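A.B. asks: Mind having a look at this structure? Questions to follow.
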Ligand code: BG6
């Protein structure tokens, strides 16, 4: 879908996220021909760089983070022609007039401000944007996580944003919503007649959502010790996935219709008791440092792993547990959602099929796809024996090469285009914090500590026990 020529200002343009994700995503969209001539990408940060010095940094980032086989030297040169730079200081007036002049020099109606900056800089930056009159009717602002660290801070962030922007102008990013399979989940549910009749407590036994990572928190210890898996992953990515699985069909595929339904799910979540949560920290492994070493705090109670049992108090899902787990330094990088269906009410075959449960697995990564586990007759003459087979749909097999795009590419272009469907609304973020805060408050008040687990394992033993108590098992982690 085409966009109009735009100006995109990246605050924190010299930072890590900009170099790794934002600039490469923009470069790919430019190469794909999606950014009309005259569009500009303006880096903005405190560093006193000239435009040429910033372009050099952009060149290095692209060479580092976009595989050489994806582009030609001329593509990069053409991209650099779109790039400009303004040094601005959030805490003073330095640089703002130049930024205002640069913006008003062009005649692009669409302005997108991408705030890839630390939370402490958001209030002063947005205030300066307002006082230097940078905000027009066609302005959007993209905000990165953390969107607060609890309900109070999320409310004050929302207030800061709403002091200068209207909600229709605010794009709160959760990059999980930009992943191809996450959108496919909506297509799967709402563009097919087959699944929706089964998508409820009558047929679904339980749901599992796993986001497992092999990486540790090495290098990010300081941030992570303050955040932990609950704030870093559950409050946003896992809860968004849960919403998309559990929400009612929206009446239209538009921003507010979708977000209204997600909000209803969050508000219907029952408070989780301490007993239904498991916290973990990875321990040291020979030479490899432990979580406590990585955060540099031997008394830390912060979790690098969390598992919990969530329940949704509404007609569709009453009695269907949603088990969530996420962690670092685990066995495999895998993000997937599994719906485990109930067994048939009465089996007419022999014991071989006793207790078999259909499973629908939606894989977000590493190999995106959807698998449905079915019971079929075992081939051969051996009578009516049953076996389980996967009906597999791997996106790599059905999508022509080069068609899938990275989450950031999709989300940035959606923001430029003015489509908020895949972005979180302020009330959604606050409701998610309210639910998460209740869990964290119980942890803080308790004297128990996170359980330690082996690096490269599937997490702490207690997480296995969480499901075993309900006579259930986690799906194998790869
Ligand atoms: C980020 C978290 O939001 O998501 C990181 O801050 C995490 O801790 C990352 O590693 C995972 O994203 P992805 O796309 O690699 O699954």
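Numbering (the working numbering), first residue to last: 290 to 767. Every residue, glycine too, gets a C-beta built ideally from N, C-alpha and C. The structure displayed is predicted, hence computed values, not measured ones.
My guess is that residue 402 and residue 300 are in contact by the Cβ rule of under 8 angstroms, so how many angstroms apart are they, rounded?
C.D. replies: Indexing the chain shown from 1 puts residue 402 at position 113. Indexing the chain shown from 1 puts residue 300 at position 11. Going by Cβ atoms, the distance from residue 402 to residue 300 rounds to 7 angstroms, so yes, they are a contact pair.
A.B. asks: May I ask whether a heavy atom of the ligand BG6 can be found less than 7 angstroms away from the beta carbon of residue 377?
C.D. replies: Taking the chain shown and counting its residues from 1, the one referred to as residue 377 is at position 88. The answer is no for residue 377.
A.B. asks: At which residue ranges does the segment 483-548 contain complete alpha helix (DSSP H) runs of 4 or more residues, listed in the order of the chain?
C.D. replies: 510-518 and 528-535
A.B. asks: Would residue 493 and residue 653 be called neighbours here (beta carbons separated by less than 8 angstroms)?
C.D. replies: The count along the chain shown starts at 1 and reaches residue 493 at position 204. The count along the chain shown starts at 1 and reaches residue 653 at position 364. Not closer than 8 angstroms, so no.
A.B. asks: Does the count of Cβ pairs from the segment 731-742 and the segment 352-368 closer than 8 angstroms reach three?
C.D. replies: no
A.B. asks: Please classify residue 394 as buried or exposed, where buried requires at least 16 other C-beta atoms within 10 Å of its C-beta.
C.D. replies: Reading the chain shown from its first residue, position 105 is the one you call residue 394. So residue 394 ends up on the exposed side.
A.B. asks: Write down every uninterrupted run of the alpha helix (DSSP H) in the segment 386-424 whose length is 4 residues or greater and which is fully enclosed by it, in chain order.
C.D. replies: 408-420
A.B. asks: Sort out for me which residues DSSP pairs residue 658 with in a bridge.
C.D. replies: Taking the chain shown and counting its residues from 1, one reaches residue 658 at position 369. Its beta-bridge partners are 652 and 683.
A.B. asks: Are there any heavy atoms of the ligand BG6 lying less than 7 angstroms away from the beta-carbon of residue 713, as far as the coordinates show?
C.D. replies: Position 424 of the chain shown, counted from the first residue, corresponds to residue 713. For the ligand BG6, not one heavy atom lies less than 7 angstroms from the Cβ of residue 713.
A.B. asks: Starting from residue 701, trace the alpha helix (DSSP H) in both directions and tell me its first and last residue.
C.D. replies: Position 412 of the chain shown, counted from the first residue, corresponds to residue 701. That run of the alpha helix (DSSP H) goes 696-706.
A.B. asks: Measure from the alpha carbon of residue 611 to the alpha carbon of each residue in 662, 529, 673 and 580, then state which is nearest.
C.D. replies: As a working mapping, residue 611 is identified with position 322 in the chain shown. It is 529 whose Cα lies nearest to the Cα of residue 611.
A.B. asks: Flag this pair as yes or no: are the beta carbons of residue 447 and residue 677 separated by less than 8 angstroms?
C.D. replies: The count along the chain shown starts at 1 and reaches residue 447 at position 158. The count along the chain shown starts at 1 and reaches residue 677 at position 388. Contact: no.
A.B. asks: Are the beta-carbon atoms belonging to residue 768 and residue 331 less than 8 angstroms from one another?
C.D. replies: Since the first residue of the chain shown is 290 and the last is 767, residue 768 is not available in this structure.
A.B. asks: Would you call residue 454 buried or exposed, if buried means 16 or more other Cβ atoms sit within 10 Å of its Cβ?
C.D. replies: The residue labelled residue 454 in the question sits at position 165 within the chain shown. By the neighbour-count rule (16 or more Cβ atoms within 10 Å), residue 454 is buried.
A.B. asks: My understanding is that residue 570 touches residue 587, with C-beta atoms under 8 angstroms, so please give their C-beta distance in whole angstroms.
C.D. replies: Locating residue 570 in the chain shown gives position 281, where the first residue counts as 1. Locating residue 587 in the chain shown gives position 298, where the first residue counts as 1. Not really, about 11 angstroms apart at Cβ, beyond 8 angstroms.
A.B. asks: Could you tell me whether any non-hydrogen atom of the ligand NAD is closer than 7 angstroms to the CB of residue 570?
C.D. replies: Absence of the ligand NAD from the depicted structure is noted, with the ligand BG6 being the only ligands included.
A.B. asks: Between which two residues does the alpha helix (DSSP H) holding residue 349 run?
C.D. replies: If you number the chain shown from 1, residue 349 lands on position 60. 340-354 is the extent of the alpha helix (DSSP H) around residue 349.
A.B. asks: Would residue 673 be called buried (16 or more neighbouring beta carbons within 10 Å of its own) or exposed?
C.D. replies: Here residue 673 refers to the residue found at position 384 of the chain shown. In this structure residue 673 is exposed. Its beta-carbon is surrounded by fewer than 16 other beta-carbon atoms within 10 angstroms.
A.B. asks: Between the alpha carbons of residue 762 and residue 355, how many angstroms are there, rounded?
C.D. replies: Numbered from 1 along the chain shown, position 473 holds the residue referred to as residue 762. Numbered from 1 along the chain shown, position 66 holds the residue referred to as residue 355. Approximately 40 angstroms, taken between the alpha carbons.
A.B. asks: If you count every other CB in all the chains shown that lies within 10 Å of the CB of residue 491, and 16 or more means buried, which is it?
C.D. replies: Here residue 491 is taken as the residue at index 202 of the chain shown, counted from 1. It counts as exposed.
A.B. asks: Taking 7 angstroms as the cut-off, is the C-beta of residue 583 nearer than that to any heavy atom in the ligand BG6?
C.D. replies: Locating residue 583 in the chain shown gives position 294, counting from the first residue. It does not: the Cβ of residue 583 is nowhere closer than 7 angstroms to a heavy atom of the ligand BG6.
A.B. asks: Who pairs with residue 375 in a beta bridge, going by DSSP?
C.D. replies: Taking the chain shown and counting its residues from 1, the one referred to as residue 375 is at position 86. In the DSSP output, where bridge partners are listed per residue, residue 375 has 333.
A.B. asks: Answer yes or no: does any C-beta atom of chain B fall closer than 8 angstroms to that of residue 562?
C.D. replies: Of the protein chains in the structure, only one exists, and it is not chain B.
A.B. asks: Any contact of the segment 553-562 with the segment 464-483, i.e. 3+ C-beta pairs under 8 angstroms?
C.D. replies: no
A.B. asks: In angstroms, rounded to a whole number, what distance separates the CA positions of residue 622 and residue 513?
C.D. replies: Here residue 622 corresponds to residue number 333 of the chain shown, with the count starting at 1. Here residue 513 corresponds to residue number 224 of the chain shown, with the count starting at 1. Going from the Cα of residue 622 to the Cα of residue 513 covers about 19 angstroms.
A.B. asks: Flag residue 464 as yes when its Cβ comes closer than 7 angstroms to any non-hydrogen atom of the ligand BG6, and as no otherwise.
C.D. replies: By one-based count along the chain shown, residue 464 stands at place 175. Checking the Cβ of residue 464 against the ligand BG6 gives yes.
A.B. asks: Hey, residue 565 and residue 434 are a contact pair by Cβ (cut 8 angstroms); roughly how many whole angstroms apart?
C.D. replies: For the purposes of this step, residue 565 is taken as the residue at position 276 of the chain shown. For the purposes of this step, residue 434 is taken as the residue at position 145 of the chain shown. About 25 angstroms separates the beta carbons of residue 565 and residue 434, which is beyond the 8 angstroms limit, so they are not a contact pair.
A.B. asks: What are the boundary residues of the beta strand (DSSP E) that includes residue 459?
C.D. replies: Against the chain shown, residue 459 aligns to sequence position 170. Taken as a continuous stretch (DSSP letters only), the beta strand (DSSP E) holding residue 459 covers 459-461.
A.B. asks: Tell me the rounded alpha-carbon separation between residue 742 and residue 502.
C.D. replies: Mapped onto the chain shown, residue 742 falls at position 453. Mapped onto the chain shown, residue 502 falls at position 213. Approximately 14 angstroms between the Cα atoms of the pair.
A.B. asks: Would you list, in sequence order, the uninterrupted alpha helix (DSSP H) runs of no fewer than 4 residues that lie entirely inside the segment 570-601?
C.D. replies: Taken in chain order, the whole alpha helix (DSSP H) runs of length 4 or more contained in the segment 570-601 are 580-584.
A.B. asks: Give a single yes or no on whether residue 407 has its beta carbon closer than 7 angstroms to a heavy atom of the ligand BG6.
C.D. replies: Translated into positions along the chain shown, residue 407 becomes position 118. It does not: the Cβ of residue 407 is nowhere closer than 7 angstroms to a heavy atom of the ligand BG6.
A.B. asks: Is residue 666 helix, strand or coil by DSSP?
C.D. replies: Along the chain shown, one-based indexing puts residue 666 at 377. Reduced to three states, the DSSP call for residue 666 is strand.
A.B. asks: By the three-class DSSP mapping on this structure, what secondary structure does residue 292 have?
C.D. replies: Residue numbering aside, residue 292 sits at position 3 when the chain shown is read from its first letter. Collapsing the DSSP output to three states places residue 292 in coil.
A.B. asks: Just mark residue 728 as buried or exposed, buried being the case when its beta carbon has 16 or more other beta carbons within 10 Å.
C.D. replies: As a position in the chain shown, residue 728 is number 439, starting the count at 1. Answer is buried; the Cβ neighbour count reaches 16.
A.B. asks: For the ligand BG6, any of its heavy atoms closer than 7 angstroms to the Cβ of residue 766?
C.D. replies: By one-based count along the chain shown, residue 766 stands at place 477. Not so, every heavy atom of the ligand BG6 lies at least 7 angstroms from the Cβ.
A.B. asks: For the alpha helix (DSSP H) that residue 755 lies in, which residues bound it at each end?
C.D. replies: Position 466 of the chain shown holds residue 755. First-last of the alpha helix (DSSP H) with residue 755: 750-757.
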